[in-house]
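Just below is one structure, and these are the notes that go with it.
Number of protein chains: 2
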Amino acid sequence: MKSRKATSHEVARLAGVSQSTVSRAFNRESAVSEETLKRIRAAANKLGYWPNELARSLISRRSNMVGIVMGDILNPFYPAVLAAFTQKLQALGRRILLFSVAPGADIDDVLPQMLQYQVSGVVITSATLSSRMARTISASATPVVLFNRSIYGHPVNSVCCANEDGARDVARLLCEAGHVRFGLVGGHADTSTHIERRQAFVEELRRHGICGVVEHSGGNTYEGGRTAARLLLDAAQRPTALFCISDIMALGALDATRYDLKLSVPDDVSIVGFDDIPAAAWPSYQLTTVQQPVDKMVDQAIALLERQIKDTAAPPSQLHIPGTIIVRTSARLGPQPTHAASRPSGERGRKRG
Amino acid sequence: MKSRKATSHEVARLAGVSQSTVSRAFNRESAVSEETLKRIRAAANKLGYWPNELARSLISRRSNMVGIVMGDILNPFYPAVLAAFTQKLQALGRRILLFSVAPGADIDDVLPQMLQYQVSGVVITSATLSSRMARTISASATPVVLFNRSIYGHPVNSVCCANEDGARDVARLLCEAGHVRFGLVGGHADTSTHIERRQAFVEELRRHGICGVVEHSGGNTYEGGRTAARLLLDAAQRPTALFCISDIMALGALDATRYDLKLSVPDDVSIVGFDDIPAAAWPSYQLTTVQQPVDKMVDQAIALLERQIKDTAAPPSQLHIPGTIIVRTSARLGPQPTHAASRPSGERGRKRG
DNA sequence: CTGAAAGCGCTTACAG
DNA sequence: CTGAAAGCGCTTACAG
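Chains as they are written, first to last, in the numbering used here: chain P, 1 to 353; chain E, 1 to 353.
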């Protein structure tokens, strides 16, 4: 009950071998004779022995831990991201040191903490990295990958959805349907996702001859999206199409349109989101949106990180993985091509290139 | 760029003091003279030195890490739980080692890993603990708290919502509204939450003279709840009230009722959930449910854990924190008392004791 | 207030 | 295949 944990020395004594042999039995069993291995296993079992990872990490200088900074776990897009990271990293034998920071806050405080634990690498999701910290990181030589964030002017790995392409497609399809008055519900103005999606959307509208877009921030929350939509749709010249920078805000916007303003979606107002969170597919919403390929993105992020862990000198990459427009019923879009593939799941939405 | 991390010895050399003094400067600065402290700080700064937590943990035998096992992060109830744990533990100066296990899977594999990292304590959320592992834990003398799970016959800390009381209230209010045909959408049959909520619900119905409840498992997912509801409501003797063991299933059930079966909620079918996830409050759902007091529960869980970390001999507690019925519009319930308090937030739901 | 020394529990050359 | 020894980077009595 009060038993202190057994050490390799105690196992060694019980098995009648040296401590180094016990250590080898747990690292490269091939280096230990069959017979000895058996005795050591029996002894270890009896004492409930497992190697102390702290000591192991200290001497071998690899902690095997990866730090993850989560910026916005309450946004329904991120649980799937976190689940993918934890599963895949666990499968690689890595442990996860989790830190959360308030949305919008930067990670200057938590980064030194991670480094003190000698993490092998760091994943930063949905958080702002100050350029001071970018320097701290490169000074510490700890591999880093940004997920859904990119940073200009610093050589840091990052994996994002192709935000520009997605937003441009949305703009084009809405224009082709004849919309001329647009509203945009934005996220945090200083995040790369907001900037990239907004920029590309506005530019594409301009290419179609449309110069005005009313904008409002929805702070990347349901309530924020709802409030923003209420404000945008209350105008005399009501927009007929709303592009929301993230799905969670789009759901709020959709509910505002239907329940607060008693308007019809998509007859009065078309609403498009970005992410493809689970609720977007529910029949109450049927949200047309740009799907982020979370699994692929996480795979790539881990690959970049592992590459740099293996070779610190590996040049950082900035990856942009294409998203896919999922056409559901929340928006009046341009004419649908007849060959539009229906989704494999039998779900109602259709993908569109 | 390739700089290996500085050690306390290097700082000591640069500052012209001994390594032990450097160590003291980072632990109890009061034990070091003002002047020396200044020199050490300057040196540390120059070298970018921070104490290696692994070494610190090893020698002082406290890792300061708490292991968290998340069983079901994709259920929208858990992001708030994880957020609360990470925030509050971070504020206490603890680090979080995160593990995830498939829903329903037991944690026999991950537990030894956490123990190898010498975690100060373990939080287990929404996962099954085999009795073998319960023994491993008590043998390792590592403090543990179960969150939203309890385990019979083992002295382990646990914090749950008062599942029985909540489910009983739901049953009573539905009976008082005159419902006589009931359906139950369950979760995983071997979890304490399922067992307790189901049991209390069925018992209370019996007290009201109702002996038959049709049941179906919804596996604690939206899709599962939707399918289960479709099956339950397809019967000749259609239930007029569905109790869903968790909100995420209730949302699926609600959509099934409205969109798959073209029935009205609550006129044809009343639906009640359990958890009060954010989506329950959205106007598309307006789900009547039992709210789990997540913040209070997490506070208590951390308190139990910290108590046992301080004093390994502290007797384990099993806590059941009362939930609150939030009355929205998804169910036809018994006559509402006129004094029912309206919710502070101005939200439509009403609390009910 | 400061330093020399022991030691946390391991891994890993180095001999044999 | 096995053991003795050095050392990872710290904390913490113990002297002075």
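Beta carbons are placed, not taken as given, at the ideal position from N, Cα and C, and that holds for glycine. Quantities reported herein were computed from a predicted structural model and do not represent experimental measurements.
Relative to the C-alpha of K46 of chain P, which residue among P:A167, P:P322 and P:A12 is closest? P:A12
Terminal residues of the continuous beta strand (DSSP E) containing C244 of chain P? A241 to C244
Any chain P beta carbon closer than 9 Å to T296 of chain E: Correcting the residue type first, residue 296 of chain E is Lys in the shown sequence and not Thr. Taking Cβ atoms only, chain P never reaches closer than 9 Å to K296 of chain E, which makes this a no.
To be precise: take each residue of the region 30 to 53 of chain P, compare its Cβ to all Cβ atoms of chain E, and keep it if any distance is under 7 Å. Which residues remain? G48, W50, P51, N52 and E53
Excluding the 5 residues preceding and the 5 following A167 of chain P in the sequence, name in chain order all residues of the same chain whose CB lies nearer than 6 Å to its CB. R197, A200 and F201
Nonlocal neighbours in the same chain, by C-beta distance under 7 Å from A84 of chain P, ignoring five residues either side: V294, D295 and V298
Quick check on C211 of chain E: buried or exposed, where buried means 16 or more other Cβ atoms within 10 Å of its Cβ? exposed
Exposed or buried, which one is A241 of chain P when buried takes at least 16 other CB atoms within 10 Å? buried
Starting from the beta carbon of T7 of chain E, find every residue of chain P whose beta carbon is closer than 8 Å, and list them in chain order. None at all; the shortest Cβ gap to chain P is about 12 Å.
From L97 of chain P to T221 of chain E, what does the alpha carbon distance come to, in whole angstroms? 27 Å
Closer than 6 Å by C-beta to H9 of chain P: which residues in its own chain qualify, once you throw out the five before and the five after it? Chain order, please. Q19
Under 9 Å between the Cβ atoms of S192 of chain E and N157 of chain E? no
Compare the Cα-Cα distances from I321 of chain E to each of E:Y152, E:S100 and E:N148 and report the closest residue. E:N148
Does the CB of A331 of chain P have a neighbour CB from chain E at under 9 Å? no
Hey, G114 of chain P and G67 of chain P: beta-carbon distance below 9 Å or not? As written in the sequence, residue 114 of chain P is Met, which differs from the Gly given in the question. It is a contact, given that the beta carbons lie within the stated cut-off.
Counting only C-beta atoms, is S131 of chain P closer than 9 Å to chain E at any point? no
For I195 of chain P, collect the residues of the same chain with a Cβ closer than 8 Å to its Cβ; drop the 5 residues on either side in sequence, then sort them by chain order. A189
Measure the Cβ-Cβ separation of A280 of chain P and R226 of chain P and say whether it is below 9 Å. no
Taking DSSP as the reference, what is the three-state secondary structure of I210 of chain E? coil
Applying the 10 Å Cβ sphere with the 16-neighbour rule, what's the burial state of S30 of chain P? exposed
Is it true that the CB of G323 of chain P sits closer than 9 Å to the CB of D72 of chain P? no
Less than 9 Å between the beta carbons of S100 of chain E and V69 of chain E, yes or no? yes
Proximal residues to R332 of chain P (C-beta, below 7 Å), its chain only, five neighbours per side dropped: A177, P266 and S270
In chain order, what residues of the same chain lie with their CB nearer than 7 Å to the CB of Q292 of chain P, ignoring the 5 residues before and after it? C161, D275, D276 and G323
Using beta carbons (cut-off 9 Å, strictly below), is T289 of chain E in contact with chain P? no
Does H194 of chain E come out as helix, strand or coil in the three-state DSSP assignment? helix
With 16 other CB atoms within 10 Å as the buried threshold, where does T53 of chain P fall? Reading off the sequence, residue 53 of chain P comes out as Glu, not Thr. Buried.
Which residues of chain E have a Cβ atom closer than 9 Å to the Cβ of I271 of chain P, listed in chain order? Per Cβ cutoff of 9 Å: no residues; I271 of chain P is ~13 Å from chain E at best.
What do you reckon, are the CB atoms on A228 of chain P and V185 of chain P nearer than 9 Å? yes
Beta-ladder partner(s) of V123 of chain P, from DSSP: P:I68 and P:V145
Does the distance from the C-beta atom of E204 of chain E to that of R172 of chain E stay below 9 Å? yes
Is it right to say P218 of chain E is buried, meaning 16 or more other beta carbons lie within 10 angstroms of its own, or is it exposed? Here residue 218 of chain E turns out to be Gly, not Pro, going by the sequence shown. G218 of chain E should be labelled buried.
Give me the Cβ distance between R181 of chain P and Q237 of chain P, rounded to the nearest whole Å; I'm assuming they're in contact under 8 Å. 6 Å
Straight-line CA distance for P103 of chain E to A127 of chain E? 7 Å
How far does the beta strand (DSSP E) with Q291 of chain E in it extend, from its first residue to its last? T288 to Q291
With H, G and I counted as helix, E and B as strand and the rest as coil, what does DSSP make of L97 of chain E? strand
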